[in-house]
Each structure stands twice: as structure tokens, then as C-alpha cells.
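Numbering (full-length UniProt numbering), first residue to last: 542 to 819.
Worksheet: the structure to be examined is printed underneath.
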Ligand code: C2E
Ligand code: MG
Ligand code: MG
Ligand code: MG
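This is the structure we're talking about:
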């Protein structure tokens, strides 16, 4: 133990480490400021059905840094999660999504669209998480049946009873649940069966090489078969080619998300796409 501590102490004086810590704390300060200053906003990526018709969208956080330009959520979401800034950020994203649902509900060609919101572990573990979501739904007037919350397997590890309870509270109001990045975590099958899920999203890591890697093909087929037997809807993520789409459709996948159907962009892009189908 003392040895481990000694090693850690030593690492703090490593100049590379020092530099990394400095950059992290300066990015944290920037994120805090950016959140307050309106530098964060959202994009929407279409989710389509087997005929390519847009059924909804996933809302994705974006940060336009005044000096560094666009910073990937793969960088700032973990930082927000570590620092607790995910709580105000998550609320902001949830509110944007609900306000968007209300706008879409006003027009016939967009009224059917639903929105999926990513929820981080720290957000979901708040005791009043369900109450917060219900409050945003009430304040905006959004239809809870059009809202899906995306959870990850790692988020659900731990107190599963508590997680189920939290989900059930929101499901009673009409909110749906999806398991995001499915296949990358550690969920056992019995565990999956107990969760009150509506949907699983196949991680794009499996979709990418589905035509060339027999292991990925087998995994995708098993996920589709499993979902079918558990009566879960499946969304395949990261669909970029007609070949991938063909494979997925052949094995029973009914919903798709990926660059083949649209990149994340402003809500107007989704509206234009939905409009073109009328
Ligand atoms: P995710 O929830 O799995 O979202 C899908 C990611 O895949 C998005 O990356 C999207 O742009 C990307 N993607 C979609 N289709 C394709 C494709 O065909 N090819 C490729 N190469 N990529 C595709 P993005 O926007 O960079 O977000 C990364 C992750 O950051 C998200 O993964 C999610 O875990 C997290 N994230 C983003 N916004 C939020 C948020 O508001 N809250 C939380 N908690 N996490 C968020
Ligand atoms: Mg997601
Ligand atoms: Mg995902
Ligand atoms: Mg993810």
C-alpha cells in the first residue's frame, strides 16, 4: 500500500502528468463557463424505420469552444461526468429535447417524431432523477410517450432494484427506455430480462465490420434474436453502408441510425427529412 502511494506521489511530479492535470482543469473551467455562456447546444440525428422513414432522433450534445472550435462529446461528457457539470448539462439537454418535441407536435409532418436522450450514470443515480424529468415534461408540455431515455449497461450496474424502481416511475408516465451501446458492457441475460426496457441499441462497433468479420456478424445476429425473444425493439447504430443495412434487415432489425440516413445536425434537418416523406 505504502509503495503504491509512493508511486502515486511520484507521478504527481511527473511534468507530463502536471501538464495533463493543468489542461484538464483549464478545460473544466472552460466547460463551466461555456455552459453558462451558451456555448453548448444540441444536434439531432435521425432514427429511421425499415423503409428509411424518419421516426425520431437522438439528441446529442455539442460544444463550440471559442478558441478550440468543436470539442467532441467523447472528450467533454466524461469530464462533465467527473466534475458534476453533467447535472446542469443533462438538464439543459433534456429541456431542449422536450421543447423540440412540443414544436414538432404542432406540425402534421413531424408530430409522430420521438426523441431519445442520453442519460449519464451520475444523472440517473440522483435520488430525484425521475422527479426532475417529470418536472421538465410538465413545464414544457412535452408528450412523455415521445421521449426515450438511453441508459448504458455500466450505469445499471450496482443497485439494480433501485434502477428498476426509478425506471418504473417514469414508465408509468409513458417514458420509454433504451439500452445504449448494447454488447459492449457486462449485462447477463437474466439481468437484461429483469429491466423494464423497450429498446436496445446495437453498438456501432459491431455494425462496422458486420459484413467482413464473422464474429461481429454472429454477435449482431444473436442480439437481434435475443431482442426478438424478449420483445425488445432494436436500433442498429452506425449504419454507414447499404451492405450493412441489408445484413441488418435480413436478420430482423427494424430501426436504424447512422450516416447512411443522416448525420447529427440542427432540428431543421430532421424536419426537412420528415417533410420530404409526406
Ligand atoms: P452514443 O449515445 O452512442 O451516440 C451515437 C454516437 O455515434 C454519436 O457520436 C454519433 O454522432 C455517432 N454516430 C452515429 N452514426 C454514426 C455513423 O454512421 N458512423 C460513425 N462513425 N459515427 C456515428 P457523438 O455525437 O460524438 O457522441 C458520442 C457519445 O457521447 C454518445 O454516444 C453519448 O454516449 C455521449 N453523449 C453525447 N451527447 C450526450 C448527452 O447529451 N448526454 C450524455 N450523457 N452523453 C452524451
Ligand atoms: Mg446514445
Ligand atoms: Mg450508442
Ligand atoms: Mg455511448
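A virtual CB, placed ideally from N, CA and C, is assigned to each residue, including glycine.
Because the structure is a prediction, the values reported are computed rather than measured.
If you draw a straight line from the C-alpha of residue i to the C-alpha of residue j, how long is it?
i	j	result
residue 747	residue 761	7 Å
residue 764	residue 770	10 Å
residue 750	residue 722	16 Å
residue 679	residue 640	11 Å
residue 690	residue 658	5 Å
residue 655	residue 602	17 Å
residue 808	residue 557	41 Å
residue 669	residue 755	44 Å
residue 740	residue 598	14 Å
residue 589	residue 757	22 Å
residue 786	residue 563	44 Å
residue 676	residue 559	42 Å
residue 571	residue 672	30 Å
residue 811	residue 613	21 Å
In the DSSP assignment, find the unbroken alpha helix (DSSP H) run with residue i in it and report its ends.
i	result
residue 674	670-681
residue 647	From DSSP, residue 647 is part of no alpha helix (DSSP H); its letter is neither H nor E.
residue 816	808-817
residue 791	783-791
residue 557	556-577
residue 746	745-748
residue 710	701-712
residue 727	No alpha helix (DSSP H) contains residue 727, which DSSP labels as neither H nor E.
Starting from the Cα of residue i, find the closest Cα among the options and give me that residue.
i	options	result
residue 781	792, 800 and 774	800
residue 816	753, 653, 582 and 715	653
residue 574	630, 660, 757 and 561	630
residue 663	621, 767 and 803	621
residue 797	572, 556, 668 and 594	594
residue 582	623, 635, 609 and 560	635
residue 591	720, 775 and 668	775
residue 685	700, 642, 659 and 695	642
residue 731	600, 768 and 755	768
residue 773	743, 557 and 586	743
residue 715	611, 687 and 650	687
residue 568	704, 610 and 587	610
residue 713	779, 737 and 649	737
residue 683	638, 711 and 759	638
residue 633	623, 646 and 600	600
residue 779	759, 802, 793 and 661	802
Does any residue of chain C bring its CB to less than 9 Å from the CB of residue i?
i	result
residue 626	Although the question refers to chain C, the structure presented lacks it and comprises just one protein chain.
Name the two residues that bound the continuous beta strand (DSSP E) containing residue i.
i	result
residue 602	595-606
With 16 as the cutoff for other CB atoms within 10 Å, does residue i come out buried or exposed?
i	result
residue 783	exposed
residue 753	exposed
residue 605	exposed
residue 805	buried
residue 561	exposed
residue 555	exposed
residue 791	exposed
residue 814	buried
residue 619	exposed
residue 615	exposed
residue 707	buried
residue 719	buried
Which residues does DSSP pair with residue i in a beta bridge?
i	result
residue 655	597
residue 774	740
residue 592	DSSP lists no partner for residue 592.
residue 691	659 and 719
residue 585	600 and 806
residue 611	605
residue 797	589 and 777
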